[in-house]
Structures are given as structure tokens and as C-alpha cells.
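The structure appears right after this line, and notes come after that.
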Amino acid sequence: MIRKALWLSATSAFLTLFTMGGHAEDRVVNVFNWSDYIDSSVIEDFTKQTGIKVVYDTFDSNEILETKLLAGGSGYDVVVPSGNFLARQIQAGVFQKLDKSKLPNISNMWDVISQRTAKYDPGNEYSVNYMWGTVGIGYNVKKVQAALGTDKIDSWDVFFNPDTLAKLKDCGVYVLDSPADMIPAALKYLNLDPNSTSADDIAKAEEALLKVRPYIRKFHSSEYINALANGDICLAIGFSGDVFQARNRAEEAKQGVEIGYSVPKEGAQIWFDQMAIPADAPHVAEAHELINYMMKPEVIAKSSNFVLYANGNKASQQFVDKAILDDPAIYPDDATVQKLYTVQPYDPKTQRIITRTWTKIVTGQ
Amino acid sequence: MTNIAAAASPSAETAALPTQLAKGFVDRLVIIIPYLWLLFFFLVPFIIVFKISLSQTAIAMPPYMPVLDFSDGISGYFAGFRELNFDNYTLLTQDALYFNAYVTSVIIAGISTILTLIVGYPIAYGMARAPATVRPILLMLVILPFWTSFLIRVYAWIGILKPEGLLNELLLSLHIVSDKLQILNTYNAIFIGIVYSYLPFMVLPLYSSLEKMDYLLIEAAKDLGCPPTSAFWKITFPLSLPGVIAGCLLVFIPAVGEFVIPDLLGGSQTLMIGRTLWNEFFNNRDWPVSSAVAVILLLVLIIPIMFFQQAQARAQEQGK
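Residue numbers (numbering that gives the first Met the number 0), protein chains in the order written: chain F, 0 to 364; chain H, 0 to 319.
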């Protein structure tokens with residue numbers, strides 16, 4: 000997570016240097032979105048249609064985005080935090096309410112998703128959904144078959160059962176370097192409330208993770224894409240779309256690597272990335288135009304087809320590739336959706352326990 | 000600052016001619032610039048960080064309180080002062096994590112500094128003894144890596160050190176090792192990264208002190224029957240000591256707070272203070288505690304250096 004973030008901040012600093020010299024009268028919108036998260040032709044089309052120049056910058060951790068926003072004066076007009084971060088940022092006064100009169104395409108949005116994002120942003124006053132997905136298990140089908148004698152992975156047991164994971168140790172296990180994703184998963188496996196803030200519950204999650212810690216090769220939030228695709232590892236806890244990107248890269252490489260993705264039957268986390276406008280955004284009108292454009296069914300469908308994440312736009316589904324729309328790992332069926340849980344933001348005291356627990360799991364100290 | 004002002008004033012007092020007066024003024028101006036630099040780019044930021052370290056976290060922009068400003072008038076400004084306290088420093092003493100991270104950082108930086116000195120000294124010595132016409136080229140070669148981004152150079156080491164990397168392929172093909180060496184994600188990779196990255200900071204001060212050395216002294220030692228090794232330890236090394244000290248400080252100080260190299264090359268078990276500070280700042284969003292960590296880091300670095308400088312000054316006075 001941090002490694003890539005350093006890369007990105009270095010390249011974005013470089014890009015900013017070169018983009019600062021624009022004419023004052025040009026219409027500009029500064030976007031800060033996740034890396035590898037858009038079809039670049041979407042941005043080009045937007046500029047062609049509206050004449051608004053898009054300065055597109057990327058991050059790969061919510062923490063980097065949040066720090067920039069909390070410091071103020073980030074200069075960004077549209078940012079895309081995840082739901083649980085968005086909720087706290089709204090409280091901190093980071094965002095401005097959207098002017099819905101400038102967003103006629105909002106009628107295309109999918110109520111199933113909007114109802115869930117309202118947990119983070121009551122009334123969806125500050126944000127609209129960009130993409131959503133799950134946190135599950137990505138795996139190398141053949142290697143797992145060889146190590147475990149089965150390629151059917153449908154439970155967190157494959158990861159949290161030390162005996163099973165020990166068999167996968169040598170072919171490699173990567174885990175998201177993100178306590179806010181991993182501790183709720185451990186709690187869910189233990190049949191506890193994934194959003195529990197009780198110190199006892201968190202200690203139980205810590206115990207479960209420490210049991211499997213010896214078999215984890217690396218904690219990282221993006222390197223598993225390449226590692227899976229190259230066949231370097233056989234199991235990763237990761238974000239749905241990232242695993243699908245690994246699957247596609249493996250298919251293109253034609254090295255015989257086959258990647259599977261499983262939403263564990265105990266339940267998995269569902270997350271939402273939300274487009275929002277910072278309170279101090281310099282180009283508010285242009286930001287609304289961009290968000291409205293992104294809610295056009297054919298536009299967001301194009302992005303979904305490219306990044307392999309589901310979006311929160313009901314009308315777009317007729318333009319989404321059939322293979323993606325029918326893939327239950329991307330657009331889960333109703334039965335699976337019922338078992339997905341959301342993660343709420345931690346209060347500062349719990350956050351400190353969570354971070355400390357994670358440091359202990361990762362470093363052993 | 001007073002010392003320097005006092006040292007500069009006699010020349011101004013004795014100055015009778017306007018040109019000399021002007022010269023005194025220029026002298027003072029030249030001296031004052033570095034002090035202004037330190038004031039604005041070191042002391043003022045430090046005071047800001049120190050103030051944040053006495054604050055409390057809040058869900059707000061910026062994420063701490065009180066924010067001292069004059070929006071509530073002067074009385075509001077001073078009322079904010081009363082909310083400041085040292086709780087965050089107490090917190091640092093309650094968890095062994097911070098102490099361990101400081102100690103690990105100092106040890107890693109110490110070992111790296113010694114390694115850098117061992118690698119850098121022969122390079123600097125060779126440069127200083129090279130023909131005068133070649134020296135600028137050698138100097139250029141030492142500085143050349145700075146033309147590429149530091150990050151990219153560290154990334155390149157991942158490609159060299161990883162299990163399927165260039166180094167392992169070379170060693171395997173030469174049959175020097177029979178199994179792949181695990182270097183990446185270990186402490187050894189951190190040492191390699193730090194030594195590589197900071198080598199110029201060691202070589203340049205060493206070179207400048209070795210270059211000034213009078214090599215007739217070595218010849219005299221030889222003439223008097225001193226073997227080369229003891230001539231080195233009795234003459235060359237003591238004369239290069241200012242360069243050794245400057246080089247070691249230039250490597251040690253940034254290495255203690257190093258974040259990028261351990262993060263890219265070290266394993267996840269590496270616990271250094273830079274990473275701890277990152278966790279506090281980005282994961283806990285606790286700017287006050289991360290500021291406290293930074294203030295303590297500064298003290299950990301500055302206090303030994305101050306003692307060292309005092310001891311040196313005393314030794315110099317005794318030498319007179």
C-alpha cells in the first residue's frame with residue numbers, strides 16, 4: 000500500500016509541476032481517484048464533450064487521501080473515498096453538499112446500493128457511488144488444487160484454519176495491509192460482529208490472525224495483483240476487482256495461470272467508493288458536471304467493463320458486458336448480498352487499538 | 000548568535016573608513032542569513048510541531064484541537080493555551096512499542112553508518128590520491144546517481160535483490176550458491192539500501208578532508224621507518240577525522256528517521272520509528288501523537304550530538 004503510494008506521490012508531484020502552467024481561463028477539474036480505476040477514454044470523452052480539462056491524479060490508500068483532505072487546501076474538486084472513510088470525513092466537515100439540481104443523471108442510480116451508502120452518508124447528500132465490491136479470497140486454482148486436493152474454496156476456513164494455511168505457506172499467501180478490512184473478516188469468521196469495538200472481540204481477532212501469521216508471506220494492499228497473475232503466490236485476501244484484474248492479466252499472459260475468486264459463505268465485506276466534492280474545491284461547477292457525466296449509464300458501464308468492478312448505477316446495467324453482469328463474483332446474487340456486511344468507521348480510541356493490534360500481528364511487537 | 004555578533008563587532012568598532020563600515024555590515028549580513036534560514040525553516044516548523052504534540056485529536060479539519068488562532072480574539076487565543084498538555088508524551092512511555100522502535104532505528108542507523116564508512120573511506124582515499132586531472136571526473140561519478148530519483152534507485156534494488164532477481168541469477172549461474180538467497184525483505188536489504196543511498200554523503204566530506212592532507216607527512220613517516228599501516232592510523236586517519244565525523248553524522252541522522260528504504264526493502268517485521276510515525280499519522284489520524292514521536296526523535300538525535308560537540312570544543316581548547 001505504502002510502497003505504491005510513494006510511487007504515486009512521486010509521479011503525481013511530477014505531474015503537478017507540469018500541469019500548473021495552464022491558462023487561467025481554461026475550465027479545469029482536478030480529480031483524485033484510486034489507481035487503475037477508470038477507463039482513460041472516459042476522461043478524454045468528457046474533455047471532448049465539455050471542453051473541461053481533467054487533471055487526473057491517483058492514490059492507492061484511503062489514508063493518503065484522508066490526510067490531504069484533513070490538512071485542507073488539497074486543490075482537488077472530485078475525490079473518491081471509501082464509505083467508512085467518507086462518513087468520518089463528512090463529520091470533520093471536509094465535503095460540501097452536492098447540488099442535486101446540477102445532477103439530473105442521479106435518477107439512474109440503483110436504490111439497492113444507495114440505501115446501503117446512506118449508512119455512511121445519510122440521505123446521500125454529499126456523495127454518489129462510483130464503484131463497489133467485496134473483500135474476498137483470490138487464489139491460484141491449480142496450485143491450491145495441488146496443495147489441498149480441492150479447488151473449491153468457499154469459506155474463510157481456508158485462511159483462518161492454521162492447518163490448511165500451513166499447506167499453502169510454501170506457494171505463498173498475501174494479505175491486505177489493512178486492519179480495517181482484515182480484523183472485521185477475522186471477527187466474521189469467529190462468528191462475532193464484524194463491527195465490534197469491544198477490546199475482547201478485537202483480542203480474539205488478533206489471536207485468530209496470529210495463529211495464521213507464520214504462513215503469511217506478505218502484507219500489502221496492491222502487490223497481490225501481479226503476484227497472483229504471475230503465479231508467484233497461491234492465495235491472497237484482496238479486493239474483488241483487483242483479483243479479476245489479476246485473472247485477466249494471467250489469461251493474457253497465457254502461462255497457464257488460472258485465478259479464482261471466492262466470496263466466503265460466512266459473509267464478506269461489501270465496500271463502496273463514493274464520489275464527493277471537498278468543501279474548499281476550487282472548481283465546484285466543473286466538479287458537478289464531471290459527477291453528472293460519470294452517472295451517464297453508458298459512461299459508467301464503460302468504466303465497469305474496464306476495471307471489472309460493479310457500479311451503483313441501475314440504468315448502466317444494459318451497457319455492462321454480459322459476462323461481467325452475470326458473474327456472481329462481481330454482481331453477487333441476492334442470497335450472497337444478504338450475507339455481505341459493511342464496515343463502519345472506528346472512533347479514535349478503537350482505531351488506536353486496531354492499529355496497535357495490527358502492528359503486533361504484522362511485526363510481532 | 001550572541002557569540003557571533005560579539006565576534007563580528009570588534010572589526011566594526013575599529014572601522015574608521017566608510018568602506019570598512021560597509022564591509023562590517025556585509026559580514027554581519029552574511030552571518031545572519033544562515034540564522035534566518037534556521038529560524039524560518041527549522042525553529043518555526045519545530046514550534047508548530049511541538050504545539051501540535053500538546054494538542055488532542057478531533058474529528059475536524061485539521062484533525063486536532065485546540066487550533067490557536069485569533070478568531071475568538073486575543074482571550075480566545077490564550078484560552079487555547081490552557082488546553083495544551085503533555086498527555087501524548089505520557090502515552091509514548093506506556094507502550095514499549097515506541098521505545099523498541101527508537102532503539103531499533105538507532106541500531107540500524109548505527110550499523111549502516113559504520114558499513115558506509117568502511118565502504119566510503121577507500122573510495123574517498125582513492126579519489127584524493129588520484130591525479131588532479133582525474134579528480135573532477137571521479138567527483139562527478141560520485142554525484143551522478145543524484146540525477147536519478149532516489150525512489151527509482153531504491154526500486155531498482157528490489158529487482159536486484161528479489162529471489163528471482165539479478166543478483167540471485169548471477170550467483171546461481173556462477174555456481175557460487177546452490178539455492179536462492181533470501182535478501183529482499185530482510186535487515187540485510189535495509190543495510191544495502193542505506194549504504195548505497197547515503198554513500199555520497201560519506202564520500203564527499205571524507206574526500207574534502209583527505210584532499211587537503213599533506214602527503215609529505217606520510218613520506219616523512221616512511222623515511223623514519225614507520226610501516227604503512229601504522230602511518231595510516233597515526234597520520235592519515237587522525238587528519239581525516241573531521242571528514243569522518245561529518246560523514247558519519249550526515250549518514251546517521253537521516254538513517255535514523257529513514258522510512259522509504261526499510262519500507263521498500265525491509266520485511267514486514269521491521270519496526271522502525273519512521274514506520275511508527277506513519278502509523279500514528281495516517282492510520283490513527285493522530286497528528287498530536289505523531290508530532291510527539293517526531294519531537295522525541297529530534298531530541299534523541301540532537302542531545303548526543305550536542306554533548307559530542309561540547310566535548311570536541313573542550314578538547315580543542317585544551318589542545319591550545
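Yeah, the Cβ is synthetic: ideal placement off N, Cα and C, and Gly gets one too.
Within the same chain, Cβ atoms closer than 7 Å to the Cβ of PHE94 (chain F) are found at GLN88, TYR125, ALA275, ILE276, PRO277 and ALA278, the five residues on either side in sequence being excluded.
Annotation: ALA131 (chain H) to GLU218 (chain H) spans about 19 Å, alpha carbon to alpha carbon. Scanning chain H for C-beta atoms nearer than 7 Å to the C-beta of GLU62 (chain F) yields PHE281 and ASN282, reported in chain order.
Cα atoms of ILE232 (chain F) and VAL157 (chain F): separation of roughly 15 Å, rounded to the nearest angstrom.
Nearest neighbour of ILE157 (chain H) by Cα position, chosen from H:SER177, H:THR185, H:VAL141 and H:PHE80, turns out to be H:THR185.
Here TYR214 (chain H) is exposed: its Cβ has fewer than 16 other Cβ atoms, across all protein chains shown, within 10 Å. Taking the Cβ atoms as the reference, LEU189 (chain F) lies roughly 11 Å from ALA202 (chain F), outside the contact range of under 8 Å. When only Cα atoms are considered, TYR260 (chain F) and TYR119 (chain F) end up about 27 Å apart.
The contact set of MET60 (chain H) on chain F, defined by CB atoms closer than 7 Å, consists of LEU69, GLY71, ALA91, GLY92 and VAL93 in chain order. Bridge partners of TYR173 (chain F) according to DSSP: F:LYS217 and F:ALA235.
Taking the CA atoms as reference points, TYR76 (chain H) sits about 21 Å from ASP86 (chain H). Scanning F:GLY240, F:PRO263, F:THR66 and F:PRO281 for the CA closest to the CA of TYR340 (chain F) turns up F:PRO263.
In this structure, VAL28 (chain F) sits near ALA286 (chain F), with a CB-CB distance shorter than 7 Å. For VAL28 (chain F), no CB of chain H lies under 7 Å from its own CB, so it is not counted at the interface with that chain.
The C-beta distance from GLN268 (chain F) to THR133 (chain F) rounds to 6 Å, short enough to meet the 8 Å contact threshold. When Cβ-Cβ separations below 7 Å define contact, GLN268 (chain H) makes contact with chain F. When rounded, the separation of the alpha-carbon atoms in ALA220 (chain H) and MET212 (chain H) is 14 Å. About 5 Å separates the Cβ atoms of GLY192 (chain H) and LEU264 (chain H), confirming a contact at the 8 Å cut-off.
Inter-residue distance for LYS142 (chain F) and LYS151 (chain F) is about 12 Å (C-alpha atoms, whole angstroms). Nearest CB-CB separation between VAL361 (chain F) and chain H: below the 7 Å threshold. In the displayed model, VAL153 (chain H) falls within a helix according to three-state DSSP. Excluding residues up to 5 positions away in sequence, ILE51, SER52, SER54, GLN55, THR56, TYR63 and ASN87 lie with their Cβ nearer than 7 Å to the Cβ of PRO287 (chain H) in the same chain. Three or more beta-carbon pairs separated by less than 8 Å are not found between the stretch 223–240 of chain F and the stretch 38–57 of chain F, which leaves the two stretches without contact. Contact annotation for LEU96 (chain H) against chain F: ARG355, THR358 and GLN364 [CB-CB distance below 8 Å, chain order].
For the stretch 86–120 of chain H, the set of residues with a beta-carbon nearer than 7 Å to any beta-carbon of chain F comprises LEU96 and ASN99, in chain order. DSSP places THR57 (chain F) inside the beta strand (DSSP E), whose first and last residues are 52–58. Around the C-beta of ALA165 (chain F), fewer than 16 other C-beta atoms lie within 10 Å, and the residue is accordingly described as exposed. For ASP272 (chain F), the enclosing beta strand (DSSP E) has its first and last residue at 268–275. A Cβ of chain F is located within less than 7 Å of the beta carbon of ASN278 (chain H). Contact note: THR57 (chain F) does not reach chain H at a C-beta cutoff of 7 Å; the least C-beta distance is about 16 Å.
Taking the CA atoms as reference points, PHE236 (chain H) sits about 14 Å from CYS247 (chain H). When the Cα atoms are used, ILE122 (chain H) and LEU180 (chain H) turn out to be separated by approximately 28 Å. Taking a contact to require three or more Cβ pairs closer than 8 Å, the stretch 50–67 of chain F and the stretch 105–114 of chain F do not qualify as touching.
Out of H:VAL102, H:LEU209 and H:ASP285, the CA that lies nearest to the CA of ILE58 (chain H) is found in H:ASP285. Straight-line measurement puts the Cα of ILE32 (chain H) at about 56 Å from the Cα of SER197 (chain F). A distance below 7 Å separates the beta carbons of VAL306 (chain F) and TYR36 (chain F).
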